[in-house]
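This report refers to the structure that appears directly beneath it.
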Amino acid sequence: MEIHRTPLVSPSLGTTRELVSYHYGPAHAARRIVIQSSVHADETPGMLVSWVLKRRLADLESRGLLRARVVVVPVANPIGLNQRIAGALIGRFETDSGQNFNRRFIDLAGRIGDGLEATLGHDEQRNGLLFRQAVHAALEEVKPRNELESLQLALHWLSADADIVLDLHCSLEGVLHLFTHADAWPAFEPLACYLGVGTSLLCEDSGGHSFDEAINLSWGALRSRFGDRFPIPASPLAACIELRGLYDVTHEFAERDADAILQFIALRGGIAGGVTPPPPLIRPPMPLSGSEQIDAPCAGVLVYRAPLGAWLKPGDAVADIVDPMTDQVTTLHTQIEGVLYTRRVTRYVHTGVTVVLMAGVTPRRTGPLLTA
Ligand SMILES: [Zn+2]
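At position 199 of the sequence shown (counting the first as 1) the number is 200 in our numbering, and the numbers step up by one without a gap.
Put into structure tokens, the structure is as follows:
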């Protein structure tokens, strides 16, 4: 195992942070897998899974069973992890700029490709190598202006030449679910089975330029530009995995989720030995554009009437908002058929906040598809 330390841009005199990554397996293995946790720094289930993975990978490495280079970044957001306001950890948004830590990752689409055409040929593997070199060359040109940009660059760099990237997050309250690009779904379906996800949400481009999309879209831009004239290997596979809710941090969950990820890596040829066949998929994937976001039309005490993971029909009640002064009770209903996959943690809502996310099979939304 090797430990790599990438210093971030110093935000202030006397203050420096670094991104630390742990690298297991053969340095020049043909396959490279990156697993990072808690880009939203207060989403801690992934950090515990990374901790379990580190021990399992060290053991596999010591027994000579790793066939892939596996990189684990357990603390993917050291900036957010130290943002506290009146005792509360603020890990989703940078407090200085207000930017969501998992939005606006580097958009390489317009920065790569020029000059590639003369070098591409009919060797698919070589074209893939040239693509990866082009991505790295483009990243080398990026000059981060602040600590946040240097963190996003460091994360992007670590995953730029990976075959598989798993970005571990969680919801406020949520069923285990997975986001990925529609093209990547066939490859990730076994992972969804091993994990036992309650739903999988697919899209081409959510508009948020989250980390997993930044990885997928840079390759996609090259494919759309050159793919009709040159053989291009499959894109790197990047997925965002939502490991239930903020408080679903237990040794049992972490062991189970780490097991699932290692079974998937073995299936992809990254671990020698036997492969456990994936169990059946719990539910077919759904389009992210088919999801319904139900917001609070008024403030009040939030009382859920439908549990996480419930399959609901149009008109079913999901929650009441109670005003204990006027006695008014406002019941929220879903308009779609689908699964209730995330809820809020706090049981008081302000007007306009999102109360529930539903996943449905029929595309219905356009524009930005991710929550703030
Ligand atoms: Zn997150």
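Cβ atoms here follow ideal geometry from the backbone N, Cα and C, with glycine treated the same way. What you are looking at is a predicted structure, and each value in this text was computed from that prediction instead of being measured.
Cβ-heavy atom distance, residue i to ligand 1, below 7 Å
i, result
"Glu-44", "yes"
"His-41", "yes"
"Asn-83", "no"
"Asn-103", "yes"
"His-178", "no"
"His-170", "yes"
For residue i, the first and last residue of its enclosing beta strand (DSSP E)
i, result
"Arg-70", "69 to 74"
"Glu-293", "293 to 296"
"Ser-207", "First-last for Ser-207: undefined, no H or E at that position."
"Gly-246", "238 to 246"
"Gly-422", "Since the first residue of the chain shown is 2 and the last is 373, residue 422 is not available in this structure."
"Glu-19", "19 to 25"
"Ser-38", "32 to 38"
Continuous alpha helix (DSSP H) stretch holding residue i: start and end
i, result
"Leu-203", "Segment 200 to 204 is the beta strand (DSSP E) holding Leu-203; no alpha helix (DSSP H) there."
"Pro-191", "186 to 196"
"Glu-428", "In the structure as shown, the chain starts at 2 and stops at 373, and residue 428 therefore has no counterpart that could be examined."
"Ser-290", "Premise fails: Ser-290 is in no alpha helix (DSSP H) and is neither H nor E."
"Ser-151", "148 to 160"
"Asn-128", "125 to 142"
Beta carbon of residue i nearer than 8 Å to that of residue j
i, j, result
"Gly-291", "Gly-361", "yes"
"Ile-91", "Gln-84", "yes"
"Phe-189", "Leu-238", "yes"
"Leu-333", "Thr-343", "no"
"Phe-265", "Leu-159", "no"
"Ile-1", "Gln-153", "Summary: the structure shown does not reach residue 1, with the chain confined to residues 2 through 373, and so no result is reported for it."
"Pro-187", "Pro-288", "no"
"His-182", "Glu-205", "yes"
"Leu-263", "Cys-171", "no"
"Val-136", "Ile-113", "yes"
"Arg-105", "His-210", "yes"
One or two residues paired with residue i in a DSSP bridge
i, result
"Arg-85", "Leu-90"
"Ile-272", "Leu-67"
"Gly-175", "Thr-343"
"Gly-361", "Gly-339"
"Leu-282", "DSSP output for Leu-282 lists no bridge partner at all."
"Leu-333", "Ala-320"
"Ser-225", "Ser-225 pairs with nothing; no bridge assigned."
"Asp-260", "In the DSSP output, where bridge partners are listed per residue, Asp-260 has none listed."
"Thr-277", "DSSP lists no partner for Thr-277."
"Trp-220", "The partner list for Trp-220 (beta bridge, DSSP) is empty, contrary to what the question assumes."
"Val-166", "Val-35 and Ala-239"
"Ser-13", "Thr-16"
"Asn-101", "Phe-94"
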